[in-house]
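Once you know that position 201 of the sequence shown is 202 in this note's numbering, the rest is easy, because the numbers rise by one and skip nothing. A short write-up of the structure that comes next.
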Amino acid sequence: MALYIVATPIGNLKDITLRALDILRDVDIIAAEDTRVSRKLLIKYDIRKTVISYHEHSPEKVILNIINLLEGGKNIAYIVDAGTPGISDPGNYLVRKVSELAPDVSIIPIPGPSALTAAISISGLQGSQFLFLGFPPHKKGRRAFFEQVVASKQSVVLYESPYRILRTLKDLSDIGLSMFECVLIKEISKVYETILRMSIVELHQKISEEKKVRGEFVLVINKKT
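Next comes the structure, spelled out in structure tokens:
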């Protein structure tokens, strides 16, 4: 009995690993952040399994059901909408509860796509260290979040949605980072993948010119001087 934490494509469905496909075909049950999104991947690779829903707002009884299934001898794979579970995606709490309440269950990572590592790989990051902060808070804690960005001596990596990217770029400019060089990657591995290398103030101007902002963003802020 094992819980497999399986990385899935962040855009191009061909980016899934052979091992991930083997695991998804072999397990008894697949738990997914959004069953509708995951079905597209499963249909493409003709994987026919029982799929149950588990996401960050799932009630505790859903986790207890997963644990009961695991303790009953079932092997379960957990996947999120895109990328690696637990990296700014649901998964951490599930792993923690399974390890606490069912210590005999093996928890096995199946590595693969991640927007974080993909962005770092083409950023030209100076040095080997960086600070990953994930998504900025919408309201509470936002100021403290950006204070971490300013205080960091390492380069900083952020995620952001199309609905708040302009606000975040403005906030970064307002706290004194307007001229810091960045790499902004939009829609990694998708049809409209875009990579921009310029200062924060230039990025804000560039994105402001778009009629409608679409796609998920990864922002790498070079704090090295």
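Every residue gets a Cβ at the ideal spot worked out from N, C-alpha and C, and that includes glycine.
Checklist entry - Which two residues bound the contiguous alpha helix (DSSP H) that contains K187? => result Reading the sequence shown from its first residue, position 186 is the one you call residue 187. No alpha helix (DSSP H) holds K187; the beta strand (DSSP E) holding it covers 182-187.
Next on the checklist: Suppose you measure from the CA of G92 to the CA of S200; what does that come to, to the nearest Å?
Outcome noted: Counting from 1 along the sequence shown, the entry for residue 92 is found at position 91. Counting from 1 along the sequence shown, the entry for residue 200 is found at position 199. Cα to Cα, the separation comes out at about 34 Å.
Checklist entry - Could you give the distance in angstroms between the alpha-carbon of L132 and the alpha-carbon of Y79? => result On the sequence shown, residue 132 is found 131 positions in, with the first residue counted as 1. On the sequence shown, residue 79 is found 78 positions in, with the first residue counted as 1. Spanning the two alpha carbons is a distance of roughly 26 Å.
Checklist entry - How many whole angstroms separate the CB atoms of V150 and I222, which I take to be in contact at a CB cut-off of 8 Å? => result Taking the first residue of the sequence shown as position 1, residue 150 is located at position 149. Taking the first residue of the sequence shown as position 1, residue 222 is located at position 221. V150 to I222, Cβ: 7 Å. Contact.
Checklist entry - Cα separation between G87 and K45? => result By 1-based counting over the sequence shown, the position of residue 87 is 86. By 1-based counting over the sequence shown, the position of residue 45 is 44. Between G87 and K45, the C-alpha separation is close to 24 Å.
Next on the checklist: Considering just the uninterrupted stretch of the alpha helix (DSSP H) at F146, what are its terminal residues?
Outcome noted: As a working note, residue 146 is residue 145 in the sequence shown. Looking at the DSSP string, the run of the alpha helix (DSSP H) that includes F146 is 143-152.
Checklist entry - Which class does Y55 belong to by DSSP, given the choice of helix, strand or coil? => result One-based indexing of the sequence shown puts residue 55 at position 54. Here Y55 sits in coil by DSSP.
Item to check | Beta-carbon contacts of A8 that lie in its chain and below 7 Å, excluding the five residues immediately before and after | outcome: Walking along the sequence shown from the start, residue 8 turns up at place 7. So the qualifying residues of the chain are A21, G84, T85, I111, P112, G113, P114, S115.
Checklist entry - Looking at C-alpha atoms only, which residue of H205, K50, E211 is the closest neighbour of C183? => result Translated into positions along the sequence shown, residue 183 becomes position 182. Of H205, K50, E211, the residue nearest in Cα terms is H205.
Checklist entry - Mind checking P10: buried by the 16 CB within 10 Å criterion, or exposed? => result In the sequence shown, counting from the first residue as 1, residue 10 sits at position 9. It counts as buried.
Checklist entry - What residue range is occupied by the uninterrupted alpha helix (DSSP H) comprising S97? => result In the sequence shown, counting from the first residue as 1, residue 97 sits at position 96. A small fix is needed here, since residue 97 is Arg in this sequence, not Ser. First-last of the alpha helix (DSSP H) with R97: 93-102.
Checklist entry - First and last residue of the alpha helix (DSSP H) that includes V63? => result As a working note, residue 63 is residue 62 in the sequence shown. Start and end: 61-72.
Next on the checklist: Please report the straight-line C-alpha distance between M2 and L185, rounded to a whole angstrom.
Outcome noted: On the sequence shown, residue 2 is found 1 positions in, with the first residue counted as 1. On the sequence shown, residue 185 is found 184 positions in, with the first residue counted as 1. Computed Cα separation, rounded: 41 Å.
Checklist entry - Going straight from the alpha carbon of Q130 to that of T118, what length do you get? => result Counted from its first residue, the sequence shown places residue 130 at position 129. Counted from its first residue, the sequence shown places residue 118 at position 117. If I take the Cα positions, the gap works out to 13 Å.
Item to check | Expected contact under 8 Å - CB spacing of D35 and D90 to nearest Å | outcome: Taking the sequence shown and counting its residues from 1, one reaches residue 35 at position 34. Taking the sequence shown and counting its residues from 1, one reaches residue 90 at position 89. Actually they do not touch by this definition, with Cβ atoms about 11 Å apart.
Checklist entry - Mapping DSSP to helix, strand and coil, what is A83? => result Walking along the sequence shown from the start, residue 83 turns up at place 82. A83: coil per DSSP, three-state reduction.
Checklist entry - Where does V219 fall in DSSP's three states? => result Reading the sequence shown from its first residue, position 218 is the one you call residue 219. Correct three-state label for V219: strand.
Item to check | Bridge partner(s) assigned by DSSP for A3 | outcome: Sequence index remark: in the sequence shown, residue 3 carries index 2 (1-based). Paired residues: S107.
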